[in-house]
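Enquirer: I have a structure I would like to understand better, so I am pasting it below and will then ask my questions one at a time.
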Amino acid sequence: MSKRRSAALTEAQCVSLAQKLLRERLCHQKLPDQPAGLDSQHKHLLELLRRTAVHGESNSVLIVGPRGSGKTMLLGCVLRELMSLKEVQKNVLLVELNGLLQTDDKIALKEITRQLHLENVVGDKVFGSFAENLAFLLEALKRGDKSSSRPVLFVLDEFDLFAHHKNQTLLYNLLDVSQSAQTPVAVVGLTCRLDVLELLEKRVKSRFSHRQIHLFSSLTFSQYVDVVRSQLRLPQDFPDSKFSNEWNHSVTKLCEDKSVEEVLKRNFNSSKDFRSLHSLLFLAVSRVSVSHSTLCEADLLEASRLISADSKANVLHGLSILELCLIIAMKHLNDTYDGEPFNFQMVHNEFKKFIQRKSHSIHKFEKPVLMKAFEHLLQLELVRPVDAGVCKVQREYQLMRLMLEHGQVMEALQRYPQCPTDVKQWALSAFG
Amino acid sequence: MSRYITRLKMRRSYKWNGRPVGEDRKLRRQYYESMSISVEGRSEDATVSLGQYILIEGDNDDSPFVAQLLKLYTDDLGKKKTAVVQWFVRMCEVPQNKRKLLGRDPHPQEIFFYQDRSCDNEVDGETILAAVQIEYVPAEDPFPEGKSKDTLFVKLLWDTKSFRALDPELMQSPQSPKSPPPSSRVSQARALPTPDPSIMKRAMSGTLTRGSMSTGKMSSSEAESLHSASKLSAAKALSAKRRSRASSGPHVRKKLDLCSPNKNMSRDDVLGEILDEHTATEKTLTSKLNTSPTGRISISIRLTPLNHNEEEQISPLSSQSPDKPRLTAYDKDNATSACLGVQPLGSDDPESLISTGRTPRKREATPRRASLRGLKARTPSNRKDSATLREPALAALAEEEHEDSPVQTAATPRSKRKSAQLVSSRIRKQLNLLGNKVDLQSDGEDGGDDDDCFVPTKIDLQSSSDEEEEAKIDSEDELVVKKRRGSRTPRSTEKTRVSARTPRKTPSKKTAPATPRTPRHATPSIPSRSAPARKPGNVLEEARARLHVSSVPESLPCREQEFQDIYNFVESKVIDGTGGCMYISGVPGTGKTATVHEVIRSLQQSAEQDEIPHFRFIEINGMKMTDPHQAYVQILQKLTDQKATPDHAAALLEKRFSAPAPKKETTVLLVDELDLLWTRKQNVMYNLFDWPTRRNARLVVLTIANTMDLPERIMINRVASRLGLTRMSFQPYTFKQLQQIITSRLNRVKAFEEDALQLVSRKVAALSGDARRCLDICRRATEICEHSGSSSGLVGMSHVMEALDEMFSSSYIAAIRCASVQEQLLLRAVIAEFRRLGLEEATFQQVFVQHQALCRVEGLHPVSVSEGLAVCQRLGSCRLLLLEGSRLDLLLRIRLNVSQDDVLYALKAD
């Protein structure tokens, strides 16, 4: 890259470089230099783990926060910082488990043994029965002592899932080690469940230190916009300074734009976490190309539209007029009967009424054709049978429910290309 | 790795051998000399007789008890066979805490002479399994290596307090012990009565060839054992002395032994007599025979004396004399020419014996050859086997020898090695001379005893001619013989030699390192750190270290009463040698396990000081096993280091706790988290509580669980009944106790304000009375204090309040406050919908309608269904809402996981 620095980069190169950089940032491939807005938590956790690593003090801690609030990122930053300490680097053993991967204690134990490289690991495999492995691991941990053995950091991602293991054997034992004079361990649990302590069995709970680090973002909107700005900015050391200046300028301008602010506000209102913001920005950044080398409002608006689009409304766009008519008929039935389930025969009657009374453009369809269209809707799960299993009734009389909101139907009709006006009017009319 | 011994399945039957040798009218006892044990499925019977070392059925099949048989008697009815024994203990039977007293790793086959007056030395005769060999090793000597697995070594004496050097006298007492034949093999030789001198003589004169033939069937290992056993006999000292006088001694003796059908101590006396005779004839013979043999070969000087000896020896054995010259020549040849594989070994041994009292090992190597020769000598007819028969036999012998005596390579005629060996043995001898004169001498004799191993006698008549021929040539022209031999016999002998030698060498290398550890035995350990952990630097760090739950306090305050009760219970059981159960209950963190450990610690201390008998403490934890039945496995492993499957372990434990074993020590078993051992049939609990009730179990079971009424709640009657009524319940700590605990832990490290401590303890006492919680809060408070950098340096109220807040305050309200606008709106919508419905449950569709309405009221852009569902799911993942599976889409039902008031409170404050 330094070679290129001398010669001015072509615009295409700049664009792809900038995109690469931003995508890396937005896809969480790189840890940020400093966790934003989590200073006290960062300090607390770092201090705790440092004590385990340096003083050999056993600890247990839970990091609790909603999805996307930066739990893993925080832990990653702390571990990065911890491992950069020379004193710690060589001395700490790290064991990372995930409740979604290690679905029971047997698998978890094998994984721990493997990651610790205990002596019963052959190559990369762990043999022996569950009981043997447990006994072996416990014996190994028991042999260690505070000052001479290497501390072990256990990171349990999706901690709440470990609480569902039988008897909570693994948690009991890990926490028991952390509360007795054995090998120093730090058990770090990551979870998004606020009620995680209630999941722990009383003995397990008693052994847990009750240290919880909560990650709740108390971000205001202006801070949020700042984050957006900083996330989109190109760094100082970007090879082509002209391009980066231009880019950064456009980003600043973008953030002051009214419509963009509205988009961001909407996103902020919906969720404060950065993960949803990142997916929004990611879509916007992806729209940048050689011919369109700076980020503009339209990109963001389009991204926002994509993100907030209703998935079912999208499905409705692909339906035929006949299918749409059936949906409208069902909507009317729903309105008339206040959400009570209906069957195909009722829909058919409703549709027939419409054909007879109001329709100019829609012709009469045979019943089997309607049935076919209805079944298609069933496959799309826009309608769903009330009780799936028990239906020994004829298909026409099977009770169904419409899985669409009133608003969704209307929105779809508005956007439907070349929708006949009589169909639209029928949909809008209060009574079928 | 677990070994399953099939012995269990064998049925043994016992019967007396011969007539009673004595009778005690008063006690109505009849004493016997020996007893034979026949094992189902085996044709031969084993015989054990007085003075022999025997194996007695023990706790586990792998290591039965070892003892020396002193008396055998039966009561007047003749039903019950009783044996009086002198016990030996294995290392594994020595209390765990005393094992370190040994100061070294015990030899796997090492046993200790057990000296304890209190120990019952009468056992049921029917528990005797078999005989075993025990070898006395002087305390300074290393363990003989490469002995067969069946041989045990005695070096020290264990008097329940310390290991002491064992007086060899003890091993030789009390009655003249007959060399105990090995258990596995049975031969008539063993059953033969102690031969008297006259028989010995007859044997020597060659009339008793039959006898020797029969003994000849015994394999080398047997000979080995005989050898080792005979070493012990004190009587040998006598002949040894004589032997040392006359250089020819060993050889003569060897010859004699060859002929003697059974080897036991009395033989030595006989030998002594014979020796005397021989020394007289010695001279004449030497003069006669020396002429030819000495000059024959250009070998080392050693050969000449050897020659002498042999020739000298021959004369007394009238029947053998014709062969003799031939034999010696033969020997010599072998010694010199490497190609003659078998014999050379023989030649070295006599002279080494003569020159220095060699270590027994070396001698062991020789006897085989000697015996071979002996056979040959006696019956000219079977001479031939040297070439043919001898080969397989010797190869086998060599191999066996090998295991027994690795040193034995030294016995091969390599002058260099031998000399080295000689020097070392001399040194050793000198060292040994100081303390164990007698031993050494008896050792010295063993060379002779070893000869008892005879080559299987398959006599080849054809061979005799060859041999005789050889003999003639021998006496005439040595060189010719050499050549001829090289051309004729050697073909085969050479081969044997190779076969005999190669295994001999390789295994000695192999066996030495491979002995103690199986390769696939991983040690559980965590790697150690490069630098030791840093010590606490300041007061707060010190306080934090002391407050950590893991730090073991000097004493356990506030549990004095409980401590005393448990202590008394366990102590009384240990002293009485009885068993019992105790159930301890209490909520988590009330010090149950800690108190029991404390009790055991102090009991162990008093056991160290011999105030109470020794006991064994093992601990299992229901939470630390994967399955209730693993309890058996863990108990067994902790008791005996055996591994077994749960079923097998249960059977072994059952046997262990029900079998009467006189010198068993009390076992204290702590079962933590008892409720986890619950099974549908409750057999694990049943067994745990049933074993202590056995008469000989000597098992004390302390069980710990959380609920007071566990026995009533989950145990079926027969289990609860066995658990008994010795119950104890640990009450949650009161705030005063908690305060005292913290204060005692801090132990004058001034880090807390009084009020702060009181606040913590009051708060915890009100909530749970869990000491762990209390300590954790204090620890957290020190951290907060450290970070806030308070002026006083003491942990104050504010810090404690903050810590308490962190740990006990619900995070729901904070979570709601920090939620996004739409999330908050959804929560409101949920509550609104609940109010509308009058139910605590609504579908998403219903809530969504409310949500949209609220959005319009708030002037926000209404969200789409997808977005709304995403918001709902986010709240669900935090468990602010309880949701059904998202597959239900609009129909998914929503409930609040927080009270409506909390939600409204959180939202209002916003």
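Chains as they are written, first to last, in UniProt numbering: chain L, 1 to 432; chain B, 1 to 910. Heads up, the beta-carbon is just placed ideally off N, CA and C, and yes, glycines get one too.
(1) Helix or strand or just coil, what does DSSP make of D45/B?
(2) Spell out whether any CB of chain L is found under 8 Å from the CB atom of H548/B.
(3) Listed from N- to C-terminal order along the chain, which residues in the stretch 612-627 of chain B have their beta-carbon within a distance smaller than 9 Å of any beta-carbon of chain L?
(4) Do the stretch 222-242 of chain L and the stretch 268-283 of chain L meet, that is, are 3 or more Cβ pairs less than 8 Å apart?
(5) Along the stretch 806-830 of chain B, where does the CB come closer than 9 Å to a CB of chain L? Name the residues.
(6) Between which two residues does the alpha helix (DSSP H) carrying V574/B extend?
(7) Spatial neighbours of I631/B within its chain, please: CB distance less than 7 Å, with the 5 preceding and 5 following residues excluded, ordered by chain position.
(8) Residues in its own chain within less than 7 Å of K106/L by CB, not counting five upstream and five downstream?
(9) Where does R305/L land, buried or exposed, given buried means 16+ other C-beta within 10 angstroms?
(10) Determine, for K83/L, whether the minimum Cβ-Cβ distance to residues of chain B falls below 8 Å.
(11) Write down the C-beta distance between E23/B and S49/B rounded to the nearest angstrom, noting that I regard them as a contact closer than 8 Å.
(12) Spell out a yes or no on whether the stretch 773-783 of chain B and the stretch 197-211 of chain L are touching, meaning 3 or more CB-CB pairs, one atom from each, closer than 8 Å.
(13) Taking N548/B and E201/L to be in contact with their CB atoms under 8 Å, please state how far apart those CB atoms are, rounded to whole angstroms.
(14) Thinking D273/L and R67/L are a contact (beta carbons under 8 Å), I'd like their distance in whole angstroms, please.
(15) Between the alpha carbons of K908/B and I813/B, how many angstroms are there, rounded?
(16) Identify the contact partners of L676/B in chain L, using a Cβ-Cβ distance below 8 Å as the criterion.
(17) Please go through the same chain and pick out, in chain order, the residues whose beta-carbon is closer than 8 Å to the beta-carbon of V369/L, but skip the five residues on each side of it.
(18) For V126/L versus R114/L, is the C-beta distance shorter than 8 Å?
(19) Against chain L, which members of the stretch 868-885 of chain B pass a CB distance test of less than 8 Å?
(20) Of the residues H107/B, S551/B and A83/B, which one's Cα is nearest the Cα of R90/B?
(21) Compute the Euclidean distance between the alpha carbons of T578/B and N696/B, then round it to the nearest angstrom.
(22) Tell me which residues of the stretch 140-157 of chain L have at least one Cβ-Cβ distance to chain B shorter than 9 Å, keeping chain order.
(23) What number of angstroms, rounded off, separates the C-alpha of C325/L from the C-alpha of L219/L?
(24) Using 10 angstroms around the beta-carbon of E560/B, count the other beta-carbons present and answer buried if the total reaches 16, otherwise exposed.
(25) Could you tell me the alpha carbon to alpha carbon distance between Q682/B and S602/B, rounded to whole angstroms?
(26) With a cut-off of 8 Å, do at least 3 Cβ pairs link the stretch 795-808 of chain B to the stretch 751-760 of chain B?
(27) Just curious, the alpha helix (DSSP H) that K20/L is in, first and last residue?
(28) Do you know how far the Cα of L767/B is from the Cα of H214/L?
(29) Classify M12/L as buried or exposed, calling it buried when 16 or more other Cβ atoms lie within 10 Å of its own Cβ.
(30) Of all the residues that make up the stretch 747-764 of chain B, which are near chain L by a beta-carbon distance shorter than 7 Å?
(31) For M73/L, return the contacting residues in chain B, with the cut-off set at a CB-CB distance below 7 Å.
(32) When DSSP labels each residue in this structure, what does R395/L get in the three-state scheme?
(33) If F154/L and V64/L are in contact, beta carbons under 8 Å, what's the gap, nearest whole angstrom?
(34) Leaving out five residues before and five after L316/L in sequence, what residues of the same chain have Cβ atoms less than 6 Å from its Cβ?
(35) Looking at chain B, is there any beta carbon in it that lies within less than 8 Å of the beta carbon of K353/L?
(36) Compute the beta-carbon to beta-carbon distance between V132/B and Y53/B, rounded to the nearest angstrom, for a pair I have assumed lies under 8 Å.
Expert: Reading off the structure:
(1) strand
(2) yes
(3) N621, G622, M623, K624, M625, T626 and D627
(4) yes
(5) E806, M807, F808, S810, S811, Y812, A814, A815, R817, C818, A819, S820, V821, Q822, E823 and L825
(6) E560 to D576
(7) A quick correction: the sequence has Ala, not Ile, at residue 631/B. I620, M625, L677 and V684, listed in sequence order.
(8) F130
(9) exposed
(10) Going by the sequence as given, residue 83/L is Met instead of Lys. No, M83/L does not count as interfacial toward chain B.
(11) In fact, because the Cβ distance is near 18 Å, the residues do not count as touching under 8 Å.
(12) yes
(13) For the sequence presented, residue 548/B should be read as His rather than Asn. Incorrect: roughly 23 Å between the Cβ atoms, too far for contact.
(14) 7 Å
(15) 11 Å
(16) N167
(17) L322
(18) yes
(19) A870, V871, R874, S877, C878, R879 and L880
(20) H107/B
(21) 8 Å
(22) A140, L141, K142, R143, G144, K146, S147, S148, S149, R150, P151 and V152
(23) 46 Å
(24) exposed
(25) 33 Å
(26) yes
(27) E11 to L26
(28) 22 Å
(29) Residue 12/L is actually Ala in this sequence, not Met. Label assigned to A12/L: exposed.
(30) none
(31) Within 7 Å Cβ-Cβ: nothing; M73/L doesn't reach chain B, min ~17 Å.
(32) helix
(33) F154/L to V64/L, Cβ: 17 Å. No contact.
(34) A412
(35) no
(36) 5 Å
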